[in-house]
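Protein chains in written order, with the UniProt record's numbering: chain A, 1 to 340; chain B, 1 to 340.
Every residue, glycine too, gets a C-beta built ideally from N, C-alpha and C.
Bear in mind the structure is a predicted one, so any value in this text is a computation, not a measurement.
Number of protein chains: 2
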Amino acid sequence: MSQLRSVPTLDDVARAAGVSTATVSRCLNSPERVVEDTRKRVMSAVEHLGYTPNFGARVMAARRTFTIGAIIPTMENAIFARALQAFQEELHARGYTLLVASSAYQPEIEEEQIRSLVARGADGLLLIGHDRDPAVYDYLKSREIPVLSAWVYLPDTGQPAVGFDNRRSMFALAQQVIDFGHRRIAMISGITKGNDRAAGRVLGLRDALQANGLDPEAMPVIETPYGVENGADALRSLMQADARPTVVMCGNDVLAVGALRGAQDMGLSVPQDVSVTGFDDIELARIVTPQITTVHVPHREMGRKAAIALVDMVEKRSTGDVVELKSTLKIRGSLRDLNG
Amino acid sequence: MSQLRSVPTLDDVARAAGVSTATVSRCLNSPERVVEDTRKRVMSAVEHLGYTPNFGARVMAARRTFTIGAIIPTMENAIFARALQAFQEELHARGYTLLVASSAYQPEIEEEQIRSLVARGADGLLLIGHDRDPAVYDYLKSREIPVLSAWVYLPDTGQPAVGFDNRRSMFALAQQVIDFGHRRIAMISGITKGNDRAAGRVLGLRDALQANGLDPEAMPVIETPYGVENGADALRSLMQADARPTVVMCGNDVLAVGALRGAQDMGLSVPQDVSVTGFDDIELARIVTPQITTVHVPHREMGRKAAIALVDMVEKRSTGDVVELKSTLKIRGSLRDLNG
DNA sequence: GAAATCAGTGTAAGCGCTTGCATTTGCATC
DNA sequence: GATGCAAATGCAAGCGCTTACACTGATTTC
């Protein structure tokens, strides 16, 4: 018996159209298997009753959700926004829905979010970076849920990924900085614990110092959480030193913008008094004055390719490759050429 | 028969602990109804098997999801980020999970997202603004799903909301601008169609002109979609006019930042050659130079109060009130006082 | 000491959908 | 007109969980 004045179910539609629930279900999921005439009748009943399939029930019966989960460290600031947008668009084109959660850069929260997305039936998961408790990967493997990492290229881990080499990218930027005549280099890094992107960027800078006969150990490094204010604070404390750095290289653009503001607040002019560099090339980097020299990351391409790769894994067309994307340098006003 | 090497179910846990599925379910959902001894046994079985409840099945049986859906116009730029963060935190504290979707400012996409969230069993919905097809509200009402709007205060609609008066806020800012001696005022507005916030802001500015004996119809207004580039373009075309405006008031901070850049690109200095104002007071407004004069919106408070109000509605403690929050002016460097 | 009470647990009926298999229908073929 | 076959549709068994109700044994009450 259908309830009075309540949410319509498949059963209600079937009754209204004078067919079985199976036929209604087929109309919705594989219309070509139902004859035109019947289909029309069913669809008009669907329309008329305002029927929407119950997702939970559908998932249970079909054991597929066509949902992909993504967990990013933060939604604030646009770092992941552009890639996620492209990821979503590509998923949509392939008939998948994206569920996004953010971990606030905290491993425990990330694990909770992973479990929650899995419980909700995510067919596949996109994560940022590789650096997490192996138990997480075991759990996902036992559930047979494909995982893809973005934002990293570390082929040795063997984990499927679509990303770029953070270490090599920072090396390239640092080489440019050194070529511009800078020797007193300081760094403001994001928190490196549990963050292989941030860690890789520090390593890349140290590599470059080493390669150019400078002492990596002598470089001042401040680690600080994501945030404009933190960047400003860090810059102030770096500029307190006896031998002020001529350039402050930041682990990401948000810290760099903070550093820029911090310098301006101190009455220092960038790049005359101190140069600043960032990483990621988010929109912000070109909005501030001077514009920030940074490493351009192919956000949209990364998002799109990640979607393609992950869907291939979910649909068992692939077991997951490691794809490398190229980053490029963007030399802008915030970096001074000391030779010039 | 339990399957070999597969995802554990309630049944597997029950068998492992030597109890019925009902008891396991109770252990998970209302532990106080199970005696300590049994509970321990069950929990260790849960742990051991790595059991995670199947969300879909749970929803079907319990007919509650403890999930709240939110649909915001855009994830890019930080406009909604801070409020959403607070919304999420407060929901979490009350045992709810947030599902976010974005509509790209397109009504059809918003409707699709609403259906999708409803199908997924959202217990309640947060939307931005009131301005949408009444059929949407009918649909939600027939499903008995509480809806709350944020970012607006328009008590006449009778729709539950937590927000501020866009029109009055813009009026206040415009009054200040006029008090500073500006008479040639131009506006860059967001798209007003289907967006009562943007529309309200335009009206507020016109009100202020009227109230001060200026001709509202004479004011140049450019409507343009969200985006820094668009703001810059709009400013350029406004400055092409014979009688250049002394101030360009923007419908939001993103457009204002664009206007600022546009002016700088033209070699104009802000605020000497032209003043710029924004709306929303996102972080960006204080990052650029000069800092942008704007209307401060209590993002976090709005998010938090929206969560409280919506959960009250979901749990039938309220049928939804209309709550007004206060906005405040932030007078900063981008606005010149022509009297001073 | 029998009856009443109660906490703790089990039984089993769905929740709304998909899908393998069985059945019916429509139509070309003999 | 009977036969065979494919296409269209119906039947019914679950998917994994919650919860109303039934049951059991211990404790309290008179």
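Segment limits, alpha helix (DSSP H) that includes residue i
i, result
"residue 352 of chain A", "Nothing can be reported for residue 352 of chain A: it is not among the residues displayed for chain A, which extend from 1 to 340."
"B:M302", "299–314"
"B:H92", "81–93"
"A:L117", "107–119"
"B:M170", "166–179"
"residue 345 of chain A", "A query on residue 345 of chain A cannot be resolved here, the shown segment of chain A reaching from 1 to 340 and no further."
"A:M152", "At residue 152 of chain A the sequence reads Val, which differs from the Met that was named. No alpha helix (DSSP H) holds A:V152; DSSP gives it neither H nor E."
"A:G124", "Note, A:G124: premise wrong, no alpha helix (DSSP H); beta strand (DSSP E) at 124–128."
"A:T23", "21–29"
"B:A285", "284–287"
"B:R58", "55–62"
"B:D138", "134–142"
"B:V13", "10–17"
Any chain B beta carbon closer than 8 Å to residue i
i, result
"A:P53", "yes"
"A:I287", "yes"
"A:Q3", "The predicted model places A:Q3 with a pLDDT of 38, which falls under 50 and marks its position as unreliable; any figure quoted below should be read in that light. With 8 Å as the cut-off, A:Q3 does not count as an interface residue toward chain B."
"A:V149", "Going by the sequence as given, residue 149 of chain A is Ser instead of Val. Not closer than 8 Å to any Cβ of chain B, the Cβ of A:S149 fails to qualify, so no."
"A:R132", "no"
"A:T97", "yes"
"A:V228", "yes"
"A:E283", "yes"
"A:V100", "yes"
"A:D337", "no"
Cβ-Cβ distance between residue i and residue j below 8 Å
i, j, result
"B:T246", "B:V274", "yes"
"A:G231", "A:A256", "yes"
"B:D123", "B:R41", "no"
"A:N166", "A:V147", "no"
"A:A16", "A:A45", "yes"
"A:S116", "A:I72", "no"
"B:R201", "B:S189", "yes"
"B:F55", "A:G121", "yes"
"A:V254", "A:A263", "no"
"A:A307", "A:L91", "yes"
"B:E32", "A:A78", "no"
"A:E243", "A:R184", "According to the sequence as given, residue 243 of chain A is Ala; it is not Glu. Taking 8 Å as the Cβ cut-off, A:A243 and A:R184 qualify as a contacting pair."
"A:M219", "A:M239", "no"
"B:A83", "B:R286", "no"
"B:I292", "B:R336", "no"
Test: residue i CB closer than 8 Å to a CB of chain A
i, result
"B:T328", "no"
"B:L235", "no"
"B:M219", "no"
"B:R197", "no"
"B:G333", "no"
"B:R94", "no"
"B:Y139", "yes"
"B:R143", "yes"
Beta strand (DSSP E) segment containing residue i, residue limits
i, result
"residue 344 of chain B", "Nothing about residue 344 of chain B can be read from this structure; chain B reaches only from 1 to 340."
"B:A161", "161–163"
"A:S102", "97–102"
"B:G69", "67–72"
"A:S275", "275–277"
"residue 352 of chain B", "The structure shown does not extend to residue 352 of chain B, since chain B is modelled only from 1 to 340, so the question has no answer here."
For the region 116–127 of chain B, which residues have a CB atom closer than 8 Å to at least one CB atom of chain A, in sequence order? The region 116–127 of chain B vs chain A, Cβ under 8 Å: S116, V118, A119, R120, G121.
Can you give me, in chain order, the residues of the region 75–88 of chain B that have a beta carbon less than 9 Å from any beta carbon in chain A? Cβ contacts with chain A come from M75, E76, N77, A78, A81, R82, L84, Q85, Q88.
Extract the residue ranges of the alpha helix (DSSP H) inside the region 237–263 of chain B, only unbroken runs of 4 or more that lie entirely within it. Qualifying alpha helix (DSSP H) stretches: none in this window.
So if I threshold CB-CB distances at 8 Å, which residues from the region 298–322 of chain A count as touching chain B? Result list empty, no residue passes.
Closer than 7 Å, Cβ to any Cβ of chain A: which residues of the UniProt domain "HTH lacI-type" (8–62) of chain B, in chain order? Taking 7 Å as the cut-off between beta carbons, the residues of the UniProt domain "HTH lacI-type" (8–62) of chain B near chain A are G50, T52, P53, N54, F55, G56, A57, V59, M60, in sequence order.
Just to confirm the assignment: which complete alpha helix (DSSP H) runs, minimum length 4, are found wholly within the region 187–239 of chain A? Contiguous alpha helix (DSSP H) elements confined to the region 187–239 of chain A occur at 196–211, 228–238, taking only those with 4 or more residues.
Short-range partners of chain A found in the region 238–270 of chain B, where Cβ spacing is below 8 Å: Answer set for the region 238–270 of chain B: V257, R261, Q264.
Output, in sequence order along the chain, the residues in the region 153–169 of chain B whose CB is closer than 9 Å to any CB in chain A. Those residues of the region 153–169 of chain B placed with their C-beta closer than 9 Å to a C-beta in chain A do not exist.
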